[in-house]
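Residue numbers (the numbering used here), protein chains in the order written: chain Y, 1 to 277; chain E, 1001 to 1522.
Glycine included, every Cβ here is placed at the ideal spot set by N, Cα and C.
What you are looking at is a predicted structure, and each value in this text was computed from that prediction instead of being measured.
In what follows, a structure is listed as structure tokens, so that the remarks can point back to it.
Structure, rendered in structure tokens:
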């Protein structure tokens, strides 16, 4: 069983979209897959048309195994189940804060689920919380959708530093460029920099696409038909993640200092542009 | 090896079971159909595209996958073949023939079941599914109703078997919907609830070499002859595959049959005349020894082929060299098996054990009770194994461990003859225990033999093979050494278990069961 967590300190970077696609593609390849929606917005659950059951209480999820199993719902696709979320998930956060060993409770729940699922995809809320701390401790890889912008790169550099103890235990940090818009100069510059230096980024880039935004309205993963180029990009991202997860040797490191240097040079360039204009 | 186009996920038995536990109801449909749609008139149904598949089912000739409850099927795909094992799917460049041609994770999982047995098409399964999604108020699928038409055609059978079914496929967490649909469909005329069983392509091939059912008072010669005939039928069933080198298991099974037969012939002294016993033992030893080099190389090739993909790619020149050596050995093996000496042995065995030559070949104990002869021999062999096991230490040389292994094997063959005389559980416990010890000692022995063989053959590896191949070979040898160390530690544990008082008590119970029963008072 491998646990993939979609996380970024920033919101609106494509976490849920990526989580839904990675889960769908994993299930389509025959893996028994669970998408655990950990974001109280419940966006992933909404896209997959799964509602939280009436009798499911989030705080009991980690305490009572039966409750955990009962909360799981089948999706419209074979091999893909969903542990849905809604606003009541906020109670889980407060329960975790009161718990003595929240990380152990969360890891135990994942271990239980691991007996049934080959792949678990966690769609995390943005920012840092007791819940994300538990996720960092239990996940095998942290997939970080990163918009090619200054703030996103800065957030990535901070996250990299924040999860150092977990990285030392074996957590893989897998950032990739998300919502890439080649019409924007900054996006092109960041892309060129990442391509040149590698920096541990996954090679696949997810382009900005109105189709992705449409997906939420249609409530249908793009990988279902698979005809659009962006669907192909998600498929290649899933493949690349599989390779990294299966690799015996750890992947390349992020190169945080190079990232920070780049951000500084960007800042200098921006101020130069301002003064000249 | 056809490279895997996509990897196959490894699923624990719990996951497989859990996937199978997604609730569903199955109804048999008559050929003319049934008016089930009327019964679901108030349900929001959405027709889904019709699915048609025509799979070729693969299994070994002795149905190893089927016996393990597994179904492997292939169908053409754009870049090769799409394979399905249960609920798992993966793609390969071409249909797999051996376990090592499957994606690595799956190959490791199935290696214990298939070993080196070749896979072959055993039939076709064509399926046409008309499906309707059952939607709730959010247009979320909560169940599926599927009309299935199955056509099963075992290889070499012209007329397919047709089965029509209506399946209500539930979804996890939507049990109430499944119950509602089932309640609506149950009263429909023509729909008959049916078990949700897997598919069988008809009867498996006749079981060759089934252990004979022996009466408690059977005579020693009659019992030995019946056991021998079973082993001869195994030998004969595997001969064509062995000569054609279809897969390594033919050599292995033929070898085991010969070894079991020789072991019993030489251990059950007095059942055959001395002359016959010595002749058969010597000739069986010779024929079995003809397979030794092939078997050693087969085991080594299997180990090499089952290494992880990265190492295996680097070992490719080594594999080619060793496979060529195996081909060379095959020629000699065929010549030995076709020789006059081998033919004479087979004729002699048939003559001795078919009943016609019984009078000439019978020894002084031929008429005695088989159980009594067996009991005496078992007691002695048990003592020998216990002595050898008791003398072992962590520093014991390999030759002593090998001696113990051979004795264990002989004891196991004797214990196997107790079927029908001893309670099943008691016997299974003792045989299983012994098999575990013997198999661990085998791993130890194999790793030493394989390392020796690898070093010898590697001398012929030319410089053209590249430095990577040599380095990979070194890595492989290190692994063999590690396997040997692990097996030695495990053998020590198993030996201690064998010598434990519980094991002795179990064995005494077996001996008691072999003793003649007293006549009951009227």
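Range covered by the alpha helix (DSSP H) that runs through residue i
{"i": "residue 1298 (chain E)", "result": "1292-1305"}
{"i": "residue 1446 (chain E)", "result": "1424-1458"}
{"i": "residue 1484 (chain E)", "result": "1467-1499"}
{"i": "residue 153 (chain Y)", "result": "150-162"}
{"i": "residue 1075 (chain E)", "result": "Where residue 1075 (chain E) is concerned, there is no enclosing alpha helix (DSSP H), although the beta strand (DSSP E) it sits in stretches over 1072-1077."}
{"i": "residue 1317 (chain E)", "result": "1316-1338"}
{"i": "residue 1416 (chain E)", "result": "1398-1416"}
{"i": "residue 242 (chain Y)", "result": "229-246"}
Whole-Å CB distance - residue i paired with residue j, under 8 Å assumed
{"i": "residue 1054 (chain E)", "j": "residue 1072 (chain E)", "result": "Actually they are not in contact, since the Cβ atoms of residue 1054 (chain E) and residue 1072 (chain E) sit about 15 Å apart, beyond 8 Å."}
{"i": "residue 25 (chain Y)", "j": "residue 145 (chain Y)", "result": "Residue 25 (chain Y) to residue 145 (chain Y), Cβ: 15 Å. No contact."}
{"i": "residue 177 (chain Y)", "j": "residue 201 (chain Y)", "result": "7 Å"}
{"i": "residue 1454 (chain E)", "j": "residue 1491 (chain E)", "result": "Residue 1454 (chain E) to residue 1491 (chain E), Cβ: 22 Å. No contact."}
{"i": "residue 51 (chain Y)", "j": "residue 84 (chain Y)", "result": "6 Å"}
{"i": "residue 1022 (chain E)", "j": "residue 1170 (chain E)", "result": "6 Å"}
{"i": "residue 43 (chain Y)", "j": "residue 16 (chain Y)", "result": "5 Å"}
{"i": "residue 1419 (chain E)", "j": "residue 1427 (chain E)", "result": "7 Å"}
{"i": "residue 245 (chain Y)", "j": "residue 2 (chain Y)", "result": "5 Å"}
{"i": "residue 1226 (chain E)", "j": "residue 1216 (chain E)", "result": "About 14 Å separates the two Cβ atoms, so there is no contact after all."}
{"i": "residue 1430 (chain E)", "j": "residue 1507 (chain E)", "result": "6 Å"}
Min CB distance residue i to chain Y below 9 Å
{"i": "residue 1170 (chain E)", "result": "yes"}
{"i": "residue 1475 (chain E)", "result": "no"}
{"i": "residue 1043 (chain E)", "result": "no"}
{"i": "residue 1234 (chain E)", "result": "no"}
{"i": "residue 1507 (chain E)", "result": "no"}
{"i": "residue 1022 (chain E)", "result": "yes"}
{"i": "residue 1133 (chain E)", "result": "yes"}
{"i": "residue 1053 (chain E)", "result": "no"}
{"i": "residue 1307 (chain E)", "result": "no"}
{"i": "residue 1173 (chain E)", "result": "yes"}
Residue-level contact to chain E via CB, residue i, 9 Å cutoff
{"i": "residue 76 (chain Y)", "result": "yes"}
{"i": "residue 50 (chain Y)", "result": "yes"}
{"i": "residue 88 (chain Y)", "result": "no"}
{"i": "residue 72 (chain Y)", "result": "yes"}
{"i": "residue 31 (chain Y)", "result": "yes"}
{"i": "residue 140 (chain Y)", "result": "no"}
{"i": "residue 232 (chain Y)", "result": "no"}
{"i": "residue 81 (chain Y)", "result": "yes"}
{"i": "residue 255 (chain Y)", "result": "no"}
{"i": "residue 198 (chain Y)", "result": "no"}
{"i": "residue 170 (chain Y)", "result": "no"}
Span of the beta strand (DSSP E), counted from its first residue to its last, around residue i
{"i": "residue 7 (chain Y)", "result": "Note, residue 7 (chain Y): premise wrong, no beta strand (DSSP E); not H, not E."}
{"i": "residue 1272 (chain E)", "result": "Taken as a continuous stretch (DSSP letters only), residue 1272 (chain E) belongs to no beta strand (DSSP E), as it is neither H nor E."}
{"i": "residue 1122 (chain E)", "result": "1120-1135"}
Straight-line Cα distance separating residue j from residue i
{"i": "residue 1083 (chain E)", "j": "residue 31 (chain Y)", "result": "14 Å"}
{"i": "residue 105 (chain Y)", "j": "residue 34 (chain Y)", "result": "18 Å"}
{"i": "residue 1323 (chain E)", "j": "residue 1294 (chain E)", "result": "11 Å"}
{"i": "residue 1015 (chain E)", "j": "residue 1070 (chain E)", "result": "Its pLDDT being 49, under 50, residue 1015 (chain E) is placed unreliably in this model, and the value from its coordinates should be taken loosely. The alpha-carbon atoms of residue 1015 (chain E) and residue 1070 (chain E) are separated by roughly 14 Å."}
{"i": "residue 1005 (chain E)", "j": "residue 1058 (chain E)", "result": "Unreliable placement is indicated for residue 1005 (chain E), whose pLDDT of 38 sits below 50; the coordinate value is still reported in the next sentence. One C-alpha to the other measures close to 19 Å."}
{"i": "residue 264 (chain Y)", "j": "residue 148 (chain Y)", "result": "15 Å"}
{"i": "residue 1479 (chain E)", "j": "residue 1394 (chain E)", "result": "20 Å"}
{"i": "residue 1109 (chain E)", "j": "residue 1085 (chain E)", "result": "12 Å"}
{"i": "residue 96 (chain Y)", "j": "residue 90 (chain Y)", "result": "10 Å"}
{"i": "residue 1302 (chain E)", "j": "residue 1244 (chain E)", "result": "18 Å"}
{"i": "residue 1002 (chain E)", "j": "residue 1114 (chain E)", "result": "Bear in mind that the predicted position of residue 1002 (chain E) carries a pLDDT of just 39, short of 50, making it unreliable; the figure below should be weighed with that in mind. Near 18 Å, if we compare the C-alpha coordinates of residue 1114 (chain E) and residue 1002 (chain E)."}
{"i": "residue 1060 (chain E)", "j": "residue 4 (chain Y)", "result": "37 Å"}
{"i": "residue 1081 (chain E)", "j": "residue 1298 (chain E)", "result": "28 Å"}
{"i": "residue 1340 (chain E)", "j": "residue 1348 (chain E)", "result": "12 Å"}
{"i": "residue 1365 (chain E)", "j": "residue 1434 (chain E)", "result": "28 Å"}
{"i": "residue 199 (chain Y)", "j": "residue 175 (chain Y)", "result": "9 Å"}
{"i": "residue 10 (chain Y)", "j": "residue 154 (chain Y)", "result": "10 Å"}
{"i": "residue 101 (chain Y)", "j": "residue 172 (chain Y)", "result": "23 Å"}
{"i": "residue 1318 (chain E)", "j": "residue 1240 (chain E)", "result": "28 Å"}
{"i": "residue 1513 (chain E)", "j": "residue 1262 (chain E)", "result": "25 Å"}
{"i": "residue 275 (chain Y)", "j": "residue 268 (chain Y)", "result": "11 Å"}
{"i": "residue 1157 (chain E)", "j": "residue 1150 (chain E)", "result": "16 Å"}
{"i": "residue 1063 (chain E)", "j": "residue 1256 (chain E)", "result": "19 Å"}
Beta-bridge partners of residue i, as assigned by DSSP
{"i": "residue 1027 (chain E)", "result": "E:1166 and E:1193"}
{"i": "residue 141 (chain Y)", "result": "Y:4 and Y:172"}
{"i": "residue 36 (chain Y)", "result": "Y:83 and Y:122"}
Under 8 Å (Cβ pairs) to chain B, residues found in the segment 16-47 of chain Y: Considering every chain present, this structure includes no chain B. Its protein chains are Y and E.
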